[in-house]
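Trainee: First the structure, then my questions, so here it is.
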Amino acid sequence: MIKNLNIIKMIPVLSGIIFFLSCKNDIEAVKKITSIESYPTMEAENITFLRSDSGRIAIKAYSPLVKEFAAAKEPYTEFPQGLKAEFLDKNGGISSSVTAKYVIHKTNEGKWVARYDVEVMDQDGRIINTEYMVFDEKKGKFYSDQFTKFTEKDAIIYGKGFESDMNLSNAKILEPTGFFYIDEAQYKN
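The numbering used here numbers the first residue of the sequence shown as 7 and each following residue consecutively.
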């Protein structure tokens, strides 16, 4: 009987030990979930963003959703539903435009990283298509190391990677893989 009583007394103690041993939290996972860095400090829908330079509007940008992570170690702004940006000349005309289905602006680096169905177009109708592109604000240039299609009025050039200024006036494919001339006359009837 005393043995049975000791066993009965040990059941709650053993249950408690098993309970505490089975409950195990990964401290890093808990920190990540509760960290302010993992949540946006600002979120906005259907925004139009204007950036000026010397008193004139230089960039117009549109996005259905913007999330800013200003408290992150490396602050960034995310455009998870895409972005369309128009770069304006001194007269207010569109000198070039960029569209992408996903964009991140790395605040400290001054770089915009665009992914998925990225298209850059200039005022003369030249178009660059790629799946990944970076715009470096400090250098004022676009570049990519991914497959690229460059369409001009009379030619299409395929290749891996490109570099260009904001106006596409000095665009070049880094590793060309194909070049096709377009003869508009054969398509007109």
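The beta-carbon is built from N, C-alpha and C at its ideal position, and this holds for glycine as well. Predicted model only: the values in this text are computed from it and were never measured.
Could you compute how far the alpha carbon of V109 sits from the alpha carbon of E169?
Mentor: Going from the Cα of V109 to the Cα of E169 covers about 18 Å.
Trainee: Could you tell me whether the Cβ atoms of T105 and E125 are closer together than 8 Å?
Mentor: Yes, Cβ-Cβ distance for T105 and E125 is below 8 Å.
Trainee: Tell me, please, which residues DSSP counts as bridged to L71.
Mentor: Answer is E51.
Trainee: Count the other CB atoms within 10 Å of the CB of T183; is the residue buried (16 or more) or exposed (fewer)?
Mentor: T183 comes out exposed.
Trainee: If you draw a straight line from the alpha carbon of T47 to that of I163, how long is it in whole angstroms?
Mentor: Each residue's Cα considered, the two are about 42 Å apart.
Trainee: What are the uninterrupted segments assigned as alpha helix (DSSP H) that are 4 or more residues long and contained completely in the region 82–112, given in chain order?
Mentor: Segments of the alpha helix (DSSP H) lying fully in the region 82–112: there are none.
Trainee: In three-state terms, what does DSSP make of D128?
Mentor: It is a strand residue.
Trainee: Give the straight-line distance between the Cα atoms of S101 and L71, rounded to the nearest whole angstrom.
Mentor: Cα to Cα, the separation comes out at about 25 Å.
Trainee: Within its chain, find whatever has a CB closer than 8 Å to the CB of K178; leave out the 5 residues flanking it on each side and keep chain order.
Mentor: Result list for K178: F168, E169 and S170, in chain order.
Trainee: Applying the 10 Å Cβ sphere with the 16-neighbour rule, what's the burial state of S150?
Mentor: Answer is buried; the Cβ neighbour count reaches 16.
Trainee: Give the secondary structure of M172 by DSSP, where H, G and I count as helix, E and B as strand, and everything else as coil.
Mentor: DSSP places M172 in coil when its eight states are reduced to three.
Trainee: So, helix, strand or coil for G116, using DSSP?
Mentor: The answer is coil: DSSP assigns G116 none of H, G, I, E or B.
Trainee: Bridge partners of E181, per DSSP?
Mentor: K166, per the DSSP bridge assignment.
Trainee: Spatial neighbours of K205 within its chain, please: CB distance less than 8 Å, with the 5 preceding and 5 following residues excluded, ordered by chain position.
Mentor: Residue 205 falls outside the range modelled here, since the chain spans only 7 to 195, and no answer is possible.
Trainee: Can you grab the Cα-Cα spacing for the pair I188 / T157, in whole Å?
Mentor: About 10 Å.
Trainee: Hey, could you find the ends of the beta strand (DSSP E) Y138 is sitting in?
Mentor: First-last of the beta strand (DSSP E) with Y138: I133 to D142.
Trainee: Looking only at its chain, what residues have a beta carbon closer than 8 Å to the beta carbon of K144, apart from the 5 residues adjacent to it on each side?
Mentor: Hits under 8 Å: G116.
Trainee: Out of D130, Q129 and A120, which has the shortest C-alpha to C-alpha gap to T4?
Mentor: The chain is shown from 7 up to 195; residue 4 falls before or after that span and cannot be answered.
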